[in-house]
Amino acid sequence: MKMGENKPWYNDQLRHYDLEFGQIPRLHYTDPKIDELIQQNKPVVILGSDIVKSAKNRWTPEYLEENLGNSGHTVFLSKGHKFKYYDESKILSRTNSHGVEFTPPTKKIRMKIGDFMKKLREWKPGQDRLYLQQPLNNTVGPSLVQDFVNFNWDYITKKQTKHQWGPLTSNLLLISQEGNVTPCHFDEQQNFFAQLHGFKRCILFPPSDFECLYPHPVYHPHDRQSMVDFDKPDYEKFPNFKRANGCETVVEPGDVLYIPIYWWHHVESLMEGGTTVSVNFWYKSGTTNLGYPLRDYQKVSITRNLEKMLVEVLQDPKEVGPLLRSMILGRYT
Ligand SMILES: CC1(C)c2ccccc2-c2ccc(C[C@@H](CC(=O)O)C(=O)C(=O)O)cc21
Ligand SMILES: [Zn+2]
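Read in order, the letters of the sequence shown are residues 1165 to 1497 in our numbering.
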């Protein structure tokens, strides 16, 4: 990505990874190509739309401090810059012998927005980093609810209908400290990711990069997250990582990035780019009729169902590998 030329940020604000990335298309919201890409389950940045007009550059950290409400919010703390998601319910579940070895990489606490902002202002290197997430619901302040109501729901709902997505499940408001990274993972929902304040670099990989990104086992707390540490890839354990096909963009206030269901995404708030504010729109996928040839994300969904069934029936996750090996080695390989 060529930096510096009339960009409001610079190359050295992006973290360096061993991979080369293509560019995610950035199209004006009236461009019909946008619907073509969404239909093909491919990422696109929608420019100049007024989807979040009522919040763009309005939902600044200061405005949010005033209007987010007084009920306290979920804040994640991390020793480093990475905020790797984990499913608490899978830490001690009976089908996971990892209950013993798993050490959560982040801590979840409740914090008032005022305390959160104060911590960000006084933050010093070496201290825990912070990442606030708050579902947009009726616990947030009335002026935020008003802004939310004033999103351009007509545009968004038209897309949801046209592409036969399922219902909107949630809108997550995200306030990130500069430099934070959400490591590479995929979600099982369609996502309109709207950037409201500051800049976020998003690196996406297709579901067919399953073999290059090595997701944790389904029963593991880090289910859906890549096992590869992008800052220091272990090419012995993950040799295919070097051939992952990533594409990237830096979203600016007002940009809406379509993150297709099952697409891997790594998201970082630019270093020295200030606090960032985003809101996502997660939709259940529509009813997928199994047309042939199967789509790459449908194959990922099938492998996930197989893993879940095998763990359920074998009970001990350690038996899944040997059974699959005996089933395919010499027979399907
Ligand atoms: C890192 C964090 C705060 C977190 C901690 C613990 C549990 C869940 C999550 C969670 C979920 C979504 C995001 C937003 C976004 C990534 C980004 O913008 O950073 C993304 O992945 C998406 O919109 O799908 C961020 C987070
Ligand atoms: Zn995600």
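Beta carbons: idealized from backbone N, C-alpha and C, even for Gly.
By alpha-carbon positions, which one of TYR1399, VAL1382 and ARG1407 ends up nearest to VAL1475?
VAL1382
GLY1494 burial status per 10 Å Cβ neighbour count (16 or more: buried):
Under this definition GLY1494 is an exposed residue.
Do TYR1426 and VAL1464 have their C-beta atoms within less than 8 Å of each other?
Annotated as proximal: TYR1426 and VAL1464, with beta-carbon spacing under 8 Å.
Relative to the C-alpha of GLU1400, which candidate in CYS1376, PRO1417 and ARG1388 has its C-alpha closest?
Closest option to GLU1400, Cα to Cα, is CYS1376.
Mind checking who ALA1408 pairs with in its DSSP beta bridge?
DSSP output for ALA1408 lists no bridge partner at all.
Continuous alpha helix (DSSP H) stretch holding TYR1488: start and end:
Before going on, a small fix: residue 1488 reads as Leu here, not Tyr. Unbroken alpha helix (DSSP H) run through LEU1488: 1484 to 1492.
Start-to-end residues for the alpha helix (DSSP H) that takes in ILE1466
1460 to 1478
To the nearest angstrom, report how far apart LYS1364 and GLU1252 are at their CA atoms.
27 Å
Just to confirm my understanding: we take SER1490, look at its own chain, exclude 5 residues before and 5 after, and list those with CB closer than 7 Å. What are they?
none
Run the Cβ filter for me: residues under 6 Å from any heavy atom of ligand 2, listed in the order they occur in the chain.
HIS1349, ASP1351 and HIS1429
Shorter than 7 Å, the distance from the beta carbon of VAL1431 to the closest heavy atom of ligand 1, or not?
yes
For a test of your reading of the model: does the CB of LEU1421 fall under 7 Å from any non-hydrogen atom of ligand 1? Yes or no.
Proximity of the beta carbon of LEU1421 to ligand 1 is not indicated: no heavy atom of the ligand is located closer than 7 Å.
Is the region 1416 to 1430 close to the region 1295 to 1313, with three or more CB pairs under 8 Å?
no
LYS1326 - DSSP class collapsed to helix/strand/coil:
helix
Whole-angstrom Cβ separation of VAL1443 and LEU1300, contact assumed at under 8 Å?
7 Å
Residues in its own chain within less than 7 Å of GLN1291 by CB, not counting five upstream and five downstream?
none
Beta-carbon proximity check, ASN1231 vs LEU1308, cutoff 8 Å:
yes
Grouping DSSP H, G and I as helix and E and B as strand, with all else coil, what is ASP1373?
helix
Quick one: what does DSSP say TYR1422 is sitting in, helix, strand or coil?
strand
For TYR1174, the three-state DSSP class (helix, strand or coil)
coil
In angstroms with no decimal places, state the Cα-to-Cα distance between TRP1428 and PRO1289.
29 Å
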